[in-house]
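Visitor:
There are 2 protein chains.
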Amino acid sequence: MNKKLYESMPDKLSGTTSKSRGTQDELIYTHIFDAILEQRLIPGTKLSEESLGEIFGVSRTIIRRALSRLVHEKVVVNRPNRGAVVATQTLEEARQIIFARRVVEKAVMELVVDNAQLSDIEKLKDQVCAEQECFAKGDRGAGIRLSGEFHLHLAEIANNPSLLSFQRSLVSQCSLIIAQYESGSKSHCSCDEHFELIEAIENKDKERAVQLMMHHLDHIQDKLNLEDEAATDDLRAVFSYLKSKKRRKTSN
Amino acid sequence: MNKKLYESMPDKLSGTTSKSRGTQDELIYTHIFDAILEQRLIPGTKLSEESLGEIFGVSRTIIRRALSRLVHEKVVVNRPNRGAVVATQTLEEARQIIFARRVVEKAVMELVVDNAQLSDIEKLKDQVCAEQECFAKGDRGAGIRLSGEFHLHLAEIANNPSLLSFQRSLVSQCSLIIAQYESGSKSHCSCDEHFELIEAIENKDKERAVQLMMHHLDHIQDKLNLEDEAATDDLRAVFSYLKSKKRRKTSN
DNA sequence: ACCATACAGATTGTACACAACACTAATGAA
DNA sequence: TTCATTAGTGTTGTGTACAATCTGTATGGT
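In the order they appear, the protein sequences are chains A and B.
Counting with this note's numbering, you get residues 6 to 257 for the letters of the first sequence.
Counting with this note's numbering, you get residues 6 to 257 for the letters of the second sequence.
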């Protein structure tokens, strides 16, 4: 009766890494995850179990599982007895995360240069084009998400599951950091750099590819100025495309 | 009546990374985790929620949380509707995990050489001594666990939380791999190599420290290669030459 | 004897009720 | 007014009942 509400969600969101279909909690995880990566949920936003349960039409049990996964990936922080919030990072933590990413991206890139097939490179190009379009038409949120997914895709090509899952966590955290610290006006068009990376991969120029990647990360780090941003912290607004239904007739 | 049973457990188990105290599920997580690292739980063992609940004197809710964390760290695998089992890795997965560890350990070691204080080095020495004692008195399980904790401690000294949590997951998985593939008779006394590592750190000889670490990992991997043809109880590995088929649908 | 289907037992998946805790507001005294 | 205590309200934490699902066994047909 009050179930399966979420089935009416727009499809575009369900394609985080193009393999997000599955159980309820996975779907919900993906929605929240994407919302965070697209900066529709900004750092510090409280994620109330009951609200989310109403929004997605499931019980708190399911929400809890989705949140617990996000907590594990360090995208959400759980404050005991006080609920979960979208993670906020200090500048020092941000530097540490970017450092870790440097370590992983270097290894990933070396594997990518060795492993990348032509089809992989085509897909990468398509992805960066999509990213470019998003920025061009002003959909900054989706652009930032696709930018992160570009790096995830690299880790997929590298074909090491451990590195991939670590990369997933790091990329998400980086998106949060960008959301938190980067001035909104800066176009953040990493597309050019992404195209350069692809070119180096295509040429099998490992050294240049790695060096470009390091510079790419330098640029992210350089942009860590303190700046404010304004997005919504209203859960219902973020997920407004869902028909939010009242749970039960009891207690309003 | 059947609650708080676990309070009477021996204390020695509660010191995984010397900061394991906390909520119920964290305690239980630690106990299972240690049991796996000490190879008292071997790969493939089923972890029934109800049994564990009885053993620890808590409801399935808590057990589920502990298991979910273990699943996230890839130490336990969850089979939908059929419960959780201690993870088994194929040889290929094992190689990938060790590769990822190579990446992380190199970065960690470079940081350690830069950051290590005298007190850190003392603690490392104590830890390896404890490890040595365990092997000497035949407690192989605890020895293996301490051996892993040595590497975790290095990641702590490196002082990068992201790398540390990745390292935790990788080290646990490596312990599983060793449990699965390494012949029991081999002494696995990595203590000597650990002492050598400490010496290089003490001398601030970064290059040598990194190289020793790589060799250390080579040795782990070499042992796998020796066992390459050994029988496995992992069906996927045994029948890996078959193309895995999609699950059959309703139309039989 | 063989195969398929149906049933039975056990285990996990989900929802919900209630307990425990944290924050807020209100009350009263100095 | 200000501070301390306390009651109230809302949210999370945990246990448990029931539903859904899977595995193994038994039954019946060929």
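Backbone N, C-alpha and C fix where the C-beta goes; we use that ideal spot for every residue, glycine too.
Please return the same chain residues whose Cβ sits closer than 6 Å to the Cβ of N114 of chain A, not counting the five positions on each side in sequence.
Guide: Indexing the first sequence from 1 puts residue 114 of chain A at position 109. The sequence given here has Met at residue 114 of chain A, not Asn. Cβ neighbours of M114 of chain A beyond the five flanking positions: A214, V215 and M218.
Visitor: If you drop the 5 nearest sequence neighbours on each side, which residues of the same chain put their C-beta closer than 6 Å to that of A163 of chain A?
Guide: Reading the first sequence from its first residue, position 158 is the one you call residue 163 of chain A. The answer, listed in chain order, is V113, L116 and V117.
Visitor: With distances taken from CA atoms, which of B:F171, B:R150, B:A92 and B:L151 is nearest P48 of chain B?
Guide: By one-based count along the second sequence, residue 48 of chain B stands at place 43. Of the listed residues, the one whose Cα sits closest to P48 of chain B is B:A92.
Visitor: Would you say N165 of chain B faces chain A, with C-beta separation under 9 Å as the test?
Guide: Here residue 165 of chain B refers to the residue found at position 160 when the second sequence is read from its first residue. Yes, N165 of chain B counts as interfacial toward chain A.
Visitor: State whether the segment 176-188 of chain A contacts the segment 81-88 of chain A, with contact taken as three or more CB pairs (one from each stretch) at a distance under 8 Å.
Guide: The segment 176-188 of chain A, when compared against the segment 81-88 of chain A, does not touch it at the 8 Å Cβ threshold.
Visitor: Let's see if you can read the secondary structure: which residues bound the alpha helix (DSSP H) around A112 of chain B?
Guide: Stepping through the second sequence from its first residue, residue 112 of chain B is reached at position 107. It spans L96 to N120 - the alpha helix (DSSP H) in which A112 of chain B sits, taken as one unbroken run.
Visitor: Listed from N- to C-terminal order along the chain, which residues in the segment 47-75 of chain B have their beta-carbon within a distance smaller than 8 Å of any beta-carbon of chain A?
Guide: Under the 8 Å Cβ criterion, the segment 47-75 of chain B contributes R70, S73 and R74.
Visitor: Using a Cβ-Cβ cut-off of less than 9 Å, give me the residues of the segment 77-96 of chain B that come near chain A, in sequence order.
Guide: Result list: H77, E78, K79 and P85.
Visitor: Would you be able to state if there are at least three C-beta pairs under 8 Å between the segment 194-208 of chain A and the segment 59-76 of chain A?
Guide: They do not touch, by the three-pair rule.
Visitor: Looking at the structure shown, is R84 of chain B part of a helix, part of a strand, or coil, going by DSSP?
Guide: Taking the first residue of the second sequence as position 1, residue 84 of chain B is located at position 79. Correct three-state label for R84 of chain B: strand.
Visitor: Can you check DSSP and say which residues form a bridge with A214 of chain B?
Guide: Start at 1 with the first residue of the second sequence, and residue 214 of chain B comes out as number 209. Looking at the DSSP assignment, A214 of chain B forms no beta bridge with any residue, so it has no partner.
Visitor: So Q101 of chain B contacts chain A; which residues on that side make the cut at Cβ distance below 9 Å?
Guide: As a first step, residue 101 of chain B must be located in the second sequence, where it is residue number 96. Result: N164, N165, P166, S167 and L168.
Visitor: Measure the beta-carbon distance from I103 of chain B to L181 of chain B and round it to whole angstroms, keeping in mind my assumption that it falls under 8 Å.
Guide: Numbered from 1 along the second sequence, position 98 holds the residue referred to as residue 103 of chain B. Numbered from 1 along the second sequence, position 176 holds the residue referred to as residue 181 of chain B. So it is not a contact: roughly 12 Å between Cβ atoms.
Visitor: Can a CB atom of chain B be found closer than 9 Å to the CB of Q178 of chain A?
Guide: Translated into positions along the first sequence, residue 178 of chain A becomes position 173. Chain B contact via Cβ: present.
Visitor: Can you tell me which of A:V133, A:T50 and A:S152 puts its alpha carbon nearest to the alpha carbon of Q185 of chain A?
Guide: Numbered from its first residue, the first sequence carries residue 185 of chain A at position 180. The shortest C-alpha separation from Q185 of chain A is found at A:T50.
Visitor: Decide yes or no for the touch test of the segment 119-127 of chain B against the segment 157-173 of chain B: beta carbon pairs closer than 8 Å, at least 3 of them.
Guide: In short, these stretches touch, since the Cβ pair count reaches three.
Visitor: I'd like to confirm the pairing. Which residues does DSSP put opposite K79 of chain B in its beta bridges?
Guide: Your numbering for residue 79 of chain B matches position 74 in the second sequence. According to DSSP, which records beta bridges pairwise, K79 of chain B is partnered with nothing at all.
Visitor: Give every residue of the same chain whose Cβ lies closer than 8 Å to the Cβ of V76 of chain B, excluding the five residues on either side of it in the sequence, and list them in chain order.
Guide: Your numbering for residue 76 of chain B matches position 71 in the second sequence. Only V82, N83 and A89 meet the Cβ criterion.
Visitor: Does any C-beta atom of chain B lie closer than 9 Å to the C-beta of L304 of chain A?
Guide: Summary: the structure shown does not reach residue 304 of chain A, with chain A confined to residues 6 through 257, and so no result is reported for it.
Visitor: What does the Cβ neighbour count give for L152 of chain B, buried or exposed, with the cut at 16 atoms within 10 Å?
Guide: For this step, residue 152 of chain B is matched to residue 147 along the second sequence. It should be noted that the sequence gives Ser, not Leu, for residue 152 of chain B. Buried, since its Cβ has 16 or more Cβ neighbours within 10 Å.
Visitor: Determine whether the beta carbon atoms of F149 of chain B and Q226 of chain B lie at a separation below 9 Å.
Guide: The residue given as residue 149 of chain B occupies position 144 in the second sequence. The residue given as residue 226 of chain B occupies position 221 in the second sequence. The question names Phe, but residue 149 of chain B in the sequence shown is Ile. In this structure, Q226 of chain B does not lie closer than 9 Å to I149 of chain B by Cβ.
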